[in-house]
Every structure is written in structure tokens, then in C-alpha cells.
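Asks:
Protein chains: 2
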Amino acid sequence: MQQQAFVEGTLPLYLRVRDQLAGQIDKGVLTPNTRLPSERILAEEYGTTRVTTRLALAQLEAEGKIYRSNRRGWFVSPPRLIYKPTHDYSFSDNVTAQGRVPETETLDVTATEANPWLATKTGLAVGDPVILLRRRRQIDGRPVLVENIYLNATRLPGIETYDFNRSLWKLLREQYGVELKGKRIEMYPTALVDPQASAIGVTAGTAGLYVTRCSQDGQGGFIEFDEEFWLHDALSIQVEVS
Amino acid sequence: MQQQAFVEGTLPLYLRVRDQLAGQIDKGVLTPNTRLPSERILAEEYGTTRVTTRLALAQLEAEGKIYRSNRRGWFVSPPRLIYKPTHDYSFSDNVTAQGRVPETETLDVTATEANPWLATKTGLAVGDPVILLRRRRQIDGRPVLVENIYLNATRLPGIETYDFNRSLWKLLREQYGVELKGKRIEMYPTALVDPQASAIGVTAGTAGLYVTRCSQDGQGGFIEFDEEFWLHDALSIQVEVS
DNA sequence: TCGTCAAACTGGTCTATACCAGATGAGCGA
DNA sequence: TCGCTCATCTGGTATAGACCAGTTTGACGA
Chain A
1 MQQQAFVEGT
11 LPLYLRVRDQ
21 LAGQIDKGVL
31 TPNTRLPSER
41 ILAEEYGTTR
51 VTTRLALAQL
61 EAEGKIYRSN
71 RRGWFVSPPR
81 LIYKPTHDYS
91 FSDNVTAQGR
101 VPETETLDVT
111 ATEANPWLAT
121 KTGLAVGDPV
131 ILLRRRRQID
141 GRPVLVENIY
151 LNATRLPGIE
161 TYDFNRSLWK
171 LLREQYGVEL
181 KGKRIEMYPT
191 ALVDPQASAI
201 GVTAGTAGLY
211 VTRCSQDGQG
221 GFIEFDEEFW
231 LHDALSIQVE
241 VS
Chain B
1 MQQQAFVEGT
11 LPLYLRVRDQ
21 LAGQIDKGVL
31 TPNTRLPSER
41 ILAEEYGTTR
51 VTTRLALAQL
61 EAEGKIYRSN
71 RRGWFVSPPR
81 LIYKPTHDYS
91 FSDNVTAQGR
101 VPETETLDVT
111 ATEANPWLAT
121 KTGLAVGDPV
131 ILLRRRRQID
141 GRPVLVENIY
151 LNATRLPGIE
161 TYDFNRSLWK
171 LLREQYGVEL
181 KGKRIEMYPT
191 ALVDPQASAI
201 GVTAGTAGLY
211 VTRCSQDGQG
221 GFIEFDEEFW
231 LHDALSIQVE
241 VS
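First to last, the sequence lines map onto chains A and B.
Numbering of the first sequence is given in UniProt numbering, commencing with residue 1 and proceeding in unit increments.
Numbering of the second sequence is given in UniProt numbering, commencing with residue 1 and proceeding in unit increments.
Following this line, the structure appears as C-alpha cells:
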């Protein structure tokens, strides 16, 4: 029942456990995507309880050093994907170029109309027809984001009939002759909650990054509005301006 | 000792508590910067324990809806500051323009030299002289970021003698005739750990956003490298490109 | 009136334990 | 050989209680 958190110059126990594990990851003893020992075993190794061990694991998760797979265990995070939202239209090419394996799944495609929120984001009028496309994307077999894409149905007639598991950017260019020009990007860190958390297969409250991107063609006409929900440890964003 | 987590169609208790509190925030019953009832009181209100209550609070914190002030309590988060890293050089002007009150504190100024890490980021040679400036910045009295600024000491002689509590951008322009042009920005979500966590006054592991910005003058010469550690709920980033 | 100081209160850390629900794999049967 | 079943393993949720270390506040004394 006794605890001894602040012996002179000593960190709390859960931070010492964090540092031990972090050291093993940094030194390469534990490599990306390897599983950590189970919480019960770690607790025993460090002479503590599961609750305290989970505090340490939560720290490492928040730092992006480890991630969890529902009821399967904790794993060492792979390197972050470098993502340039102002450049990259093709997720697949970007992932491949970094030596990783991409995968895209279309979850559903729905014809709907712009609600007030979407109207203010895009410049459409409330009620204008849009196609909502929901996709999940993976890197090396791990789902890292889900996205909602709102397409200007007036500008892109018949787009719902195409295959969305390939690059949307190439589809727009080849089938509609559209070159995306102006982009307005907005992003902030937040937790993933349902339904996005379930779609990615993580527990509600997992740290994430919310990114929206509004794209127009050369004439300033609205083409697509993209809403992305990323796992927070999966990406590093780069922007260059001159 | 009995629990009843998954009564048909029912969320786990800690998520129900989260939703209750979130509802009060969204409806405006709880307004920005007001304190929530203490954990012990919330636990009693919802007929549960502190541990479970803290799970609910941690969820809301991860979503950016509430924040904690060390041993003072939990508070409703104010709106995020809109931050345009490609535009804004002046934190103060930006904060003021959004109706908030900025404050900047210089923590310390050190003459040092470029280490290998900094050299690769800036293009300097290892050993080149730099001035390291550490600052803390607040919005409405709440510290929201600390930053390490590495200044090219060769390019900006005597810069360590100026007052750094004002806009660095204005200082560079007025005293050195420097107009920042090229910028390379990199950012990713991660946890704040010591020493940054202590400097902001939050517990280690609090969610944050790490932002670096490398600025050059019109001729491509390195001017400053800025490393910012933000609280994750304090900002929303916007980037526009054409 | 005003400053001081201790009690009360807050979150921070930790133990010990229990049961639930999904993932996994070994072994059995067709 | 190939499924299928079920025990076992994993993390997920939850209770009950304890002590620690800053913050706040209010009573008291100068």
C-alpha cells in the first residue's frame, strides 16, 4: 500500500516505466510493428500493477511511439508518413515513394445535398447536389485514416459510377480534365470519436489529426471538399512556401 | 463490485459521463474558462469512482474540449486560435486580431553553436554560431506554447542585445532590414514532455503539436529556425495555396 | 486593515482486484 | 486436409481505497 513517488530526484513510477520502454524502442531492441509484452507481464516485470503500467503505455502512445490494436496488444509505431497537403494528390504514390505499402478501401458512396456547414466551407448553396465518398486508407496493413470527400455533383456529372479505390486526383484529371489549383487547408489535433474511431478500428478518444482541404479548379469553381481523420502518430506534415 | 458496462445499446459509463459533460459545454451551460466540479464531486454525481470519472475527463481533454490547470481543476477550453504559419510573423497581432490578449515572456537567451541536428535543418555547418532564444507565450493568461528560436548569429550580429518580448519579425525588419521569404514548415501531433511540459505548466504527456519553421531571406540565406511546442487544443492551423 | 499560516480542497500517483469482450491458436472431428 | 470449437490470452472497463503535493481560502492575530 505504500508508495514512494518522489524519492529525491526520482520520477513517478509510471514515467520511469515509460523511459525504460522508450529506451528499448530508441535503441532498436524493439523495432517497428513488434508487439510489446502484455500489460500483465510488464506490470510484473516492473513490480507494479496494470493500472500504473497502462499510464506508462498511454504516455508512449501520446508521444506516438507505440500504438494499440484492439485487444491484440501494443505495438511499436513505424515512422511517420511525410505528407504535403499542398502537393500530394495521390496518397498511393506518396506512400509507395516512401517505401511503404498503401491500400485504399471505399466504404460507401452517397448522393446527397449540401447542408449549411458544407455550404459555408465550399461556397455551394444549401441544397446543391454533392456526392459523399467515404474511404479508409492503410499503410503496411494498418488503417491510418478515414476520409469524407464531398464532390461537386454539378461540376462532375456521373462521377459516382467510377472506381474510387484508385487516385481521385487522376480520375478528375483524366475523365473531367480538371486540374486542382486553389486549396484551403485547415487542421487541428483532436481525439478520434465514433464513427471515425470505429472505422479505423481504434478505441474512442485515440489522439488524431483532423484535416480539411477545399480544392478549386483554375477558374475558382468548387471541385471537392475533403475531410480527413488521421491517427496522430501516422504522419508528419510538411509545407513549403516562397 | 458489479459493473454493467454493456447493457444493450448502452455506451460504457465513462463515455456516458463524457457525453453528459460535453452536452453541457456545447449547450453553453459551461462557458470557456469556467471550472468544472471537482473529480470527487463529479464521481459522486454520476455514481461512480474517481478513476472512471478521470477517464471521461481525459476523453474530453483529448478532444480539446477541456483542459487542466495543475491541482487547480478542470476548465472549459476557449476557442482555438487560428494560426497561419505561412503568413503570421506576429503572434501578438494575430492574437489581438482575434479578440484575445497575448503575452510573451523571454525565458532565456544563449549564445551557442549549431549541432548536427540543427545543421541538417538549417544548412548551417556544425559549429556555426547561433543564438538560442527560448520564449513562452500566453493567450488570455494561459500559457499555450513554448518555443526555441535559433538565430543565425553571423547574419544578425548583436541580436542578443535586443528585447525579445516584442515581435521578432518586426525586430528583424527594422534593425536588420531582413524580409523573411522562403519557409519550410514541418509539424506533427505528439505529447509534450519535460522540459517543455514544465515550462508550459502542464503534466508530462499532455497532447501537443510540434511545429518547426525554417525561414530564409530573399537570397536564400538562413535567418532563423523556430521550434514551437503548442498545447493541442489551443490552435487551428490554416494554410492557403494557389 | 492587512498579512500570515494552517486547514481544507484539488488533482496526481498508486495498489489490488474483478469481470467483460474480442482475438488467437491448439486440438478435435469430419 | 480443412473447418470448427473452445480454452486462453489480450486489452477494456470498473470498483474501492490510500497517500502525496500544490492551491486556495478563511480564521486569526498584529
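Glycine included, each C-beta is placed from N, C-alpha and C at the ideal position.
#1: Kindly indicate the opening and closing residues of the alpha helix (DSSP H) around P116 (chain B).
#2: For I200 (chain B) and L192 (chain B), which I take to be in contact (beta-carbon distance under 8 Å), what is that distance rounded to the nearest angstrom?
#3: Would you tell me roughly how many angstroms separate the C-alpha atoms of T31 (chain B) and Y67 (chain B), rounded to the nearest one?
#4: Counting only C-beta atoms, is L13 (chain A) closer than 8 Å to chain B at any point?
#5: From the DSSP secondary-structure annotation, give me the bridge partner or partners of I139 (chain B).
#6: N33 (chain B) to P78 (chain B), Cα distance in whole Å?
#7: What does DSSP give as the partner residue(s) for E227 (chain A) in the beta ladder?
#8: Under 8 Å between the Cβ atoms of Q196 (chain A) and I82 (chain A)?
#9: Indicate the three-state DSSP secondary structure (helix, strand or coil) for S236 (chain A) in the structure shown.
#10: CB-CB under 6 Å to residue 249 (chain A), same chain, minus the five flanking residues each way: which ones, in chain order?
#11: Could you tell me whether the stretch 130-138 of chain B touches the stretch 102-120 of chain B, using the rule of 3 or more Cβ pairs below 8 Å?
#12: Assuming T240 (chain A) and L145 (chain A) form a contact by the criterion Cβ under 8 Å, report the distance between their Cβ atoms to the nearest whole angstrom.
#13: Using three-state DSSP, classify Y89 (chain A) as helix, strand or coil.
#14: State buried or exposed for P157 (chain A), treating a residue as buried only when at least 16 other CB atoms are found within 10 Å of its CB.
#15: Could you tell me the boundaries of the alpha helix (DSSP H) in which T52 (chain A) lies?
#16: Determine, using beta carbons only, whether Y188 (chain B) comes closer than 8 Å to chain A.
#17: For I131 (chain B), which option in B:N94, B:E160, B:L55 has the closest C-alpha, if you only look at C-alpha atoms?
#18: With which residues is K183 (chain A) paired in a DSSP beta bridge?
#19: In the DSSP assignment, find the unbroken alpha helix (DSSP H) run with I41 (chain B) in it and report its ends.
#20: Please go through the same chain and pick out, in chain order, the residues whose beta-carbon is closer than 8 Å to the beta-carbon of S167 (chain B), but skip the five residues on each side of it.
#21: Give every residue of the same chain whose Cβ lies closer than 8 Å to the Cβ of N115 (chain B), excluding the five residues on either side of it in the sequence, and list them in chain order.
#22: Nearest to E147 (chain B) by alpha carbon, out of B:S236, B:E224, B:Q216?
#23: Could one say the Cβ of F6 (chain A) lies closer than 8 Å to chain B's Cβ atoms, at least one of them?
#24: Quick one: what's got a C-beta closer than 8 Å to T86 (chain A)'s C-beta in the same chain, skipping five residues either side?
#25: So what does R35 (chain A) bridge to, in DSSP terms?
#26: Is I139 (chain B) closer than 8 Å to V95 (chain B) when the C-beta atoms are compared?
#27: Taking I66 (chain A) as part of the beta strand (DSSP E), name the residues at either end of that continuous run.
#28: Which partner residues does I159 (chain B) have in the DSSP bridge list?
#29: Rounded to whole angstroms, what's the CA-CA distance from L36 (chain B) to G73 (chain B)? Just pull it up for me.
#30: Roughly how many angstroms separate the alpha carbons of N70 (chain B) and S198 (chain B), rounded to a whole number?
#31: Counting only beta-carbon atoms, is R239 (chain B) nearer than 8 Å to chain A?
Replies: From the atom records:
#1: For the purposes of this step, residue 116 (chain B) is taken as the residue at position 116 of the second sequence. Note, P116 (chain B): alpha helix (DSSP H), 116-122.
#2: Indexing the second sequence from 1 puts residue 200 (chain B) at position 200. Indexing the second sequence from 1 puts residue 192 (chain B) at position 192. So it is a contact: roughly 7 Å between Cβ atoms.
#3: On the second sequence, position 31 is the one that residue 31 (chain B) refers to. On the second sequence, position 67 is the one that residue 67 (chain B) refers to. Taking the straight line from one Cα to the other gives about 13 Å.
#4: In the first sequence, counting from the first residue as 1, residue 13 (chain A) sits at position 13. For L13 (chain A), the answer is no, since every Cβ of chain B falls outside 8 Å of its Cβ.
#5: Stepping through the second sequence from its first residue, residue 139 (chain B) is reached at position 139. DSSP, once it has assigned bridges, lists B:P102, B:R142 as partnering I139 (chain B).
#6: Here residue 33 (chain B) is taken as the residue at index 33 of the second sequence, counted from 1. Here residue 78 (chain B) is taken as the residue at index 78 of the second sequence, counted from 1. Computed Cα separation, rounded: 6 Å.
#7: For the purposes of this step, residue 227 (chain A) is identified with residue 227 of the first sequence, where counting begins at 1. Bridge partners of E227 (chain A): A:N148, A:T212.
#8: Locating residue 196 (chain A) in the first sequence gives position 196, where the first residue counts as 1. Locating residue 82 (chain A) in the first sequence gives position 82, where the first residue counts as 1. The answer is no: Cβ separation not under 8 Å.
#9: Against the first sequence, residue 236 (chain A) aligns to sequence position 236. Three-state result, S236 (chain A): strand.
#10: Nothing can be reported for residue 249 (chain A), as the shown portion of chain A is limited to 1 through 242.
#11: yes
#12: For the purposes of this step, residue 240 (chain A) is taken as residue 240 along the first sequence, with counting starting at 1. For the purposes of this step, residue 145 (chain A) is taken as residue 145 along the first sequence, with counting starting at 1. For clarity, residue 240 (chain A) is Glu in the given sequence; the question names Thr instead. Not confirmed; about 22 Å, so no contact.
#13: Indexing the first sequence from 1 puts residue 89 (chain A) at position 89. Coil, per DSSP.
#14: The residue given as residue 157 (chain A) occupies position 157 in the first sequence. So P157 (chain A) ends up on the exposed side.
#15: Along the first sequence, read from residue 1 onward, the residue named residue 52 (chain A) stands at position 52. T52 (chain A) -> alpha helix (DSSP H) spans 50-63.
#16: In the second sequence, residue 188 (chain B) corresponds to position 188, counting from 1. True, the Cβ-Cβ gap to chain A drops below 8 Å.
#17: As a working mapping, residue 131 (chain B) is identified with position 131 in the second sequence. Comparing Cα-Cα distances from I131 (chain B) to each of B:N94, B:E160, B:L55, the minimum goes to B:E160.
#18: Looking up residue 183 (chain A) in the first sequence gives position 183. Per DSSP, A:S215, B:V241.
#19: Taking the first residue of the second sequence as position 1, residue 41 (chain B) is located at position 41. Element bounds for I41 (chain B): 39-45.
#20: Counting from one through the second sequence, the residue named residue 167 (chain B) turns up at place 167. The answer, listed in chain order, is Y89, S90, F91, S92, D93.
#21: Position 115 of the second sequence, counted from the first residue, corresponds to residue 115 (chain B). Here the set comprises V126.
#22: Position 147 of the second sequence, counted from the first residue, corresponds to residue 147 (chain B). Cα-wise, what sits closest to E147 (chain B) is B:E224.
#23: Numbered from 1 along the first sequence, position 6 holds the residue referred to as residue 6 (chain A). Bear in mind that a pLDDT of 36 at F6 (chain A), under 50, signals an unreliable position, so the model cannot answer this.
#24: Along the first sequence, read from residue 1 onward, the residue named residue 86 (chain A) stands at position 86. Here the set comprises K183, I185, V239, E240.
#25: Here residue 35 (chain A) is taken as the residue at index 35 of the first sequence, counted from 1. The partner list for R35 (chain A) (beta bridge, DSSP) reads A:F75.
#26: Position 95 of the second sequence, counting from 1, holds the residue named residue 95 (chain B). Position 139 of the second sequence, counting from 1, holds the residue named residue 139 (chain B). The answer is yes: Cβ separation under 8 Å.
#27: Stepping through the first sequence from its first residue, residue 66 (chain A) is reached at position 66. Per DSSP, I66 (chain A) belongs to the beta strand (DSSP E) from 66-69.
#28: By one-based count along the second sequence, residue 159 (chain B) stands at place 159. I159 (chain B) pairs with nothing; no bridge assigned.
#29: The sequence position of residue 36 (chain B) within the second sequence is 36, counting from 1. The sequence position of residue 73 (chain B) within the second sequence is 73, counting from 1. Straight-line Cα distance between these residues: approximately 7 Å.
#30: Start at 1 with the first residue of the second sequence, and residue 70 (chain B) comes out as number 70. Start at 1 with the first residue of the second sequence, and residue 198 (chain B) comes out as number 198. The straight-line gap from Cα to Cα measures roughly 10 Å.
#31: Translated into the one-based positions of the second sequence, residue 239 (chain B) becomes position 239. Note that residue 239 (chain B) is Val in the sequence shown here, rather than Arg. Chain A, which has a Cβ nearer than 8 Å to the Cβ of V239 (chain B), makes this yes.
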